[in-house]
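The structure appears right after this line, and notes come after that.
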Amino acid sequence: MKQQEVWKEERERGISKMIGLLKFITCGSVDDGKSTLIGHILYDSKLLYADQEKALELDSKVGSRGGAIDYSLLLDGLMAEREQGITIDVAYRYFTTDKRSFIVADTPGHEEYTRNMAVGASFADLAIILIDAKQGVLVQTKRHARICALMGIKYFVFAVNKMDLVGYSEERFNEITKQIDELSKELGLASVKIIPVSATEGDNITVKSDNTPWYPGEALLTYLENVDVSEKKKEEGFYMPVQRVCRPDHTFRGFQGQIESGVVSVGDDIITLPSGESAKVKSILIGDKDSQLAQEGQPATIQLDKEVDVSRGCVLSSGTTLPVSKSLTATILWMDDAELTVGKDYIVKIGTKQVLGVLKNIQYKIDVNTGNFLPANGLSKNEIAVCDIGLQEAVIIDEFAKHKTLGELILIDRISNMTSACGVIMHALRRTDNLTWHEMDITRDFRAQQKGQTPKTIWLTGLSGSGKSTLANELEKHLAALGKHTMLLDGDNVRMGLNKNLGFKEADRIENIRRIAEVAKLMNDAGLIVITSFISPYVRDRRNAREIIGEDSFIEVYVSTPVEECEKRDVKGLYKKARAGEIPNFTGISSPYETPEHPEVTIDTTGKSLADSVDYVMAQLEDLLN
432 MKQQEVWKEE RERGISKMIG LLKFITCGSV DDGKSTLIGH ILYDSKLLYA
482 DQEKALELDS KVGSRGGAID YSLLLDGLMA EREQGITIDV AYRYFTTDKR
532 SFIVADTPGH EEYTRNMAVG ASFADLAIIL IDAKQGVLVQ TKRHARICAL
582 MGIKYFVFAV NKMDLVGYSE ERFNEITKQI DELSKELGLA SVKIIPVSAT
632 EGDNITVKSD NTPWYPGEAL LTYLENVDVS EKKKEEGFYM PVQRVCRPDH
682 TFRGFQGQIE SGVVSVGDDI ITLPSGESAK VKSILIGDKD SQLAQEGQPA
732 TIQLDKEVDV SRGCVLSSGT TLPVSKSLTA TILWMDDAEL TVGKDYIVKI
782 GTKQVLGVLK NIQYKIDVNT GNFLPANGLS KNEIAVCDIG LQEAVIIDEF
832 AKHKTLGELI LIDRISNMTS ACGVIMHALR RTDNLTWHEM DITRDFRAQQ
882 KGQTPKTIWL TGLSGSGKST LANELEKHLA ALGKHTMLLD GDNVRMGLNK
932 NLGFKEADRI ENIRRIAEVA KLMNDAGLIV ITSFISPYVR DRRNAREIIG
982 EDSFIEVYVS TPVEECEKRD VKGLYKKARA GEIPNFTGIS SPYETPEHPE
1032 VTIDTTGKSL ADSVDYVMAQ LEDLLN
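In the numbering used here, each residue's number is its place in the sequence shown (first place is 1) plus 431.
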């Protein structure tokens, strides 16, 4: 053990002497100057061969800059890119300065090629996001920042480009800085640097510019040479996804793969997953050479001291707990031209494991512009959503934040074999794997017969002030007078108890309605007639409530009172506050209300007395409640 400790100490000393390689990505909207910026770095830093420099000067003479050097030509290699003046493919370049080595991925800005940008982001430690000083932060800027954060990038540089076109205005730079600060807070970005630049003129690219005396920071290249990205959170323990089982003859059986975290030594105890067997490391090979240890980032062949059930997709581990599950929740970026639909089968790749899976549910999609959570039945290309995925067999997975390799996934179309989505795992859904529904001797039908009624849920939906709550209260009184057993669930009342931990963002509203539907179903099972009064603004949520409660038990009552009338009745002053911006996400003002598709009952309470409204609804419910 002493020798092994010496080896580990030597490894750590070696790492401390290394100059870190910086892998970074450039992204932003179309024509923000990404390729030009990187080309300028290469040109100014004298990082081109003589023939490359000469070719650049010749190509620029017939370019779009009137003979001036077009630095983007160094990165845009496809004919279509040069013809259109945009980046389509991901261009990777390796270069070295006196202080550091770099690999840069220049990625497309056009929305059509967002998937290409995501591929580039998956390898990077740092992202340079360019912003046109004339336009400021755009939707595509937000999309790229969100995707970079999704892919695990911790370090961001926002390069405010084309400062020469706004007269190197400090005021304009400060305006954009405020926009970036808001975006950084929304995404929870930990390390952010903002630099004013001109990619075409070279301001603050490789050296400080005299045109921005008000900017106190360093030039972009100087920052890149010195930024420390090594302070990444170390992953817990040792683990190695098995890529291949090596068996050249009957005397040797080794497990090959890349070590993703930690160090393993000969004699160490390890656990094989998902089988959960324990064994000792008998030998380690790095290439074809014996070694006493292997460390993070190295490909290795590990031989164990006994036979274990391990194949491609399994994981060797020690010093950490890795979940094994058949279901998970993930944040995904949809990359397919065809729309994602719930219930479709995909090949799911996690680590070195490929397994069949089904997309069970879309919890919500994320508005890339606002960050709000929105209900969704499907996803179009370049949309981001949180989804639940079921797997055909148990797989070793973990949260992306804990173990990156086992927290990444891609969805592959079974027919075309194209990558349909990429994403990161939020958590495993282990709790669902061991649950069984238990049938009871006292049934719903028995309880219904005991009460002499048919259990139903009368679901009132409409805008605030439409008259839902007043109507629901009066309906329950009428039903009680008829000898019916009822329960009224009011929106405010429920939020003061069961759902007191929920706010009014889209995700909270989705969960609010889901919980109410589950409670209403339980009360229906108890034989009760349930009346609910909730805005429930989204078609998808009401549809889900109908599915939970059951088609035969769900009666949707749309209180269709228009927003103008609701505002007149605004006894709480909510609409006035919403229009003043004091209440965000207020339905009908700053948040949408989706009209019910096929409600069983529709009533506009405008100009109607309460008695008339109740009589009308009761008449419509007469047949539905039997």
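All C-beta atoms, glycine included, are put in the ideal place defined by N, C-alpha and C.
Cβ pair residue i, residue j closer than 8 Å
i, j, result
"lysine 791", "alanine 816", "no"
"alanine 951", "threonine 874", "no"
"leucine 753", "aspartate 829", "yes"
"isoleucine 944", "alanine 976", "yes"
"glutamate 627", "methionine 594", "Looking at the sequence provided, one finds proline at residue 627 rather than glutamate. In contact: proline 627 and methionine 594 (Cβ atoms closer than 8 Å)."
"leucine 840", "isoleucine 827", "no"
"isoleucine 560", "histidine 575", "yes"
"isoleucine 410", "arginine 524", "This structure gives no information on residue 410, because the portion of the chain shown stretches from 432 to 1057."
"threonine 1018", "serine 895", "yes"
"valine 746", "alanine 825", "no"
"leucine 557", "valine 588", "yes"
"lysine 899", "valine 1045", "no"
Span of the beta strand (DSSP E), counted from its first residue to its last, around residue i
i, result
"glutamate 708", "708-717"
"threonine 456", "It is worth fixing the name first, because residue 456 is isoleucine in this sequence and not threonine. Segment 453-459, the beta strand (DSSP E) holding isoleucine 456."
"threonine 888", "888-892"
"tyrosine 777", "776-781"
"lysine 882", "Where lysine 882 is concerned, there is no enclosing beta strand (DSSP E), although the alpha helix (DSSP H) it sits in stretches over 875-882."
"alanine 407", "With the chain represented from 432 up to 1057, any question about residue 407 goes unanswered, as that position is not in the structure."
"threonine 703", "700-704"
"leucine 747", "746-749"
"leucine 724", "724-726"
"methionine 849", "No beta strand (DSSP E) contains methionine 849, which DSSP labels as neither H nor E."
"valine 695", "694-696"
Spatial distance of residue i from residue j (CA atoms)
i, j, result
"leucine 764", "histidine 858", "17 Å"
"valine 1032", "alanine 1011", "34 Å"
"aspartate 563", "lysine 784", "42 Å"
"asparagine 1016", "proline 806", "14 Å"
"valine 697", "serine 615", "45 Å"
"valine 961", "glutamate 1025", "23 Å"
"serine 742", "aspartate 659", "38 Å"
"lysine 713", "threonine 772", "48 Å"
"glutamine 794", "threonine 762", "10 Å"
"valine 739", "glutamine 674", "16 Å"
"alanine 580", "lysine 454", "15 Å"
"glutamine 1067", "leucine 452", "Nothing can be reported for residue 1067: it is not among the residues displayed for the chain, which extend from 432 to 1057."
"alanine 710", "glycine 774", "40 Å"
"valine 970", "glycine 981", "16 Å"
"aspartate 721", "isoleucine 715", "6 Å"
"lysine 780", "leucine 860", "17 Å"
"tyrosine 670", "glycine 685", "15 Å"
"serine 466", "asparagine 635", "16 Å"
"aspartate 768", "lysine 585", "29 Å"
"glycine 516", "aspartate 700", "Since pLDDT at glycine 516 reaches only 38, below the 50 mark, its modelled position is unreliable, and the value read off the structure follows with that caveat. Going by the C-alpha atoms only, they are around 57 Å apart."
Delimiting residues of the alpha helix (DSSP H) encompassing residue i
i, result
"methionine 1049", "1041-1055"
"alanine 911", "899-912"
"glutamate 606", "601-618"
"valine 970", "970-980"
"cysteine 997", "994-999"
Local conformation of residue i per DSSP, three classes
i, result
"glutamine 687", "strand"
"leucine 919", "strand"
"lysine 757", "strand"
"alanine 646", "According to the sequence provided, residue 646 is tyrosine. The question's alanine does not apply to it. Note: tyrosine 646 maps to coil in three-state DSSP."
"glycine 838", "helix"
"alanine 951", "helix"
"glutamate 388", "As shown, the chain starts at 432 and ends at 1057. That puts residue 388 outside it, with no answer to give."
"tyrosine 989", "strand"
"methionine 467", "Inspection of the sequence shows that residue 467 is occupied by threonine rather than by methionine. Here threonine 467 sits in helix by DSSP."
"serine 984", "helix"
"glutamine 571", "helix"
"arginine 531", "coil"
"arginine 743", "coil"
"isoleucine 1034", "strand"
"aspartate 721", "strand"
Identity of the residues DSSP links to residue i by a beta bridge
i, result
"asparagine 592", "Asp563"
"asparagine 657", "Asparagine 657 is not bridged to any residue."
"asparagine 792", "Asp819"
"cysteine 677", "Gly685"
"arginine 1010", "Paired residues: none, contrary to the question."
"methionine 671", "Leu747"
Proximity test, residue i beta-carbon vs the ligand FMN heavy atom, cut-off 7 Å
i, result
"valine 676", "Absence of the ligand FMN from the depicted structure is noted, as is the absence of any ligand whatsoever, leaving it without description."
Minimum Cβ-Cβ distance from residue i to chain D less than 8 Å
i, result
"isoleucine 960", "Looking for chain D here will not work: only one protein chain is present."
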